[in-house]
Structure formats: structure tokens, C-alpha cells
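>
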Amino acid sequence: MPSSSAALSLSWPLLVCAALSYVVGSIPFGLILTRFAGLGDVRQIGSGNIGATNVLRTGRKGLAAATLILDAGKGALAVAVARGFGDEFAAVAALAAVVGHLFPVWLGFKGGKGVATSAGVLLAYNPLVALATIAMWLAMALLFRYSSLAALTAAVLAPLWAWLFGPRTALTIAIVGAIALLVVLRHASNIGRLMRGAESKIRLGRER
């Protein structure tokens, strides 16, 4: 049986992987892009979120698209690099990147809702699960025009896709389930507004 010191030493690479993935995930592209575009602090408009949906409320569709791509890309990058070191590293990177986006240290641990970053993470971690999840988000968004409802539905069903499309390993189900749970919890305020009928719908124009 390996000694405790050996077990601890084996954990250090995973800790480094988690830390680096967290840092990558915590890059607030929505905030950076809107500031460079001269639009000020995106946290001061709409929902106050740093993600693509709130960037869209500036009326700058290109910036919103860039935010979506970059937020997804940082999640995919973290997992893709970590996968070269093994499945455990990919799993740790997936979760840490999403946590970084949700709770970035640079912004007082107040980040985005994690939808785009989770999509990017899943694309690199399990493409079939990602495609099914993204398809569900698009379908719900087109039908009901609520980004939050689309995100919640997609997140709740993601573990089911992980089970259906496999591989049906405990690690895969646990990671997809954990990411889904984080996204749902981060949308707690949206759930309240949806229940009250006060949630904002997706709009392409600038909110004033």
C-alpha cells in the first residue's frame, strides 16, 4: 500500500491542473471586450452578468458572439490540454474551469452563469453530451426566448445525455452532474424571476 506521503505527492499534479484550469476559466472575456470597446463595465447594465447574454444587451452582437466563443474556448482549452495527462486530469480541469468562470478571484468571486464555459468544457470532455446539451439550449431559447430557462433545461438534462451517450463511468457522470448542478445553482435568482413572470427575454437590441 502506498504511503501517505506518496499519495500526497501524487495529488500535486492534479492540484496544479486544477489551479491552472481555474485561472484560465476565470478570465472575464465579456468584461474585457466591452471595456476595450469603450462600453464601460458590462456589470452595470442588464443582469449585471459578464456573460454573452448580458453583453448582447449592449446592442453589440459581434461582441456578444466573441464573448460566447472565447468563454467556451477557454473551457475547451483547459480540458483539451489536461486530457493529454489522463482522464482524471481532464475531469479536474473541466470542473475547475467552470468554477473559475463562476467565481473569479479577480472579480471578488462574482462571475458569470457558466453556460458558455460549460458548453466548451463539455465539447472537449464529451462531444456527444455537449452537442445534445447545446441542441436543447437552442431549442428552448428559440421556443421561449428565455436564456435562463434554456440554460436550466439544458443543464438538468446534461447528466441524462452523459448516461445515454457514455462512456457510462462514474467519473463522467459525476463531472457532468457537478457542472450541471453548479449552473443550476448559479441561476437561482433567475428561477425566482421565471416563477414570478419577471424574467427578461432574449433581445437583440441595446437595453437602456
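Using our numbering, the first residue of the sequence shown is number 437, and each one after it goes up by one. Note that beta-carbon positions come from the ideal geometry of N, C-alpha and C, so glycine has one too.
Going by DSSP, what residue range makes up the alpha helix (DSSP H) through residue 623?
Careful: residue 623 lies outside any alpha helix (DSSP H) and carries neither H nor E.
> With a threshold of 16 other CB atoms inside 10 Å of the CB of residue 471, please say whether the residue is buried or exposed.
Exposed, since its Cβ has fewer than 16 Cβ neighbours within 10 Å.
> What first and last residue would you give for the alpha helix (DSSP H) that runs through residue 530?
523–538
> Would you please state the rounded distance, in angstroms, between the beta carbons of residue 486 and residue 504? I believe it to be under 8 Å.
At roughly 12 Å, the Cβ-Cβ gap does not stay under 8 Å, so residue 486 and residue 504 are not in contact.
> Are the beta-carbon atoms belonging to residue 539 and residue 506 less than 8 Å from one another?
no
> My guess is that residue 457 and residue 528 are in contact by the Cβ rule of under 8 Å, so how many angstroms apart are they, rounded?
7 Å
> Would the beta-carbon of residue 534 fall within 8 Å of that of residue 557?
yes
> Nearest to residue 637 by alpha carbon, out of 561, 477, 586?
586
> Report yes or no: do the segment 513–527 and the segment 585–603 share at least 3 C-beta pairs separated by less than 8 Å?
no
> Cα separation between residue 526 and residue 490?
In a straight line, the C-alpha of residue 526 is about 29 Å away from that of residue 490.
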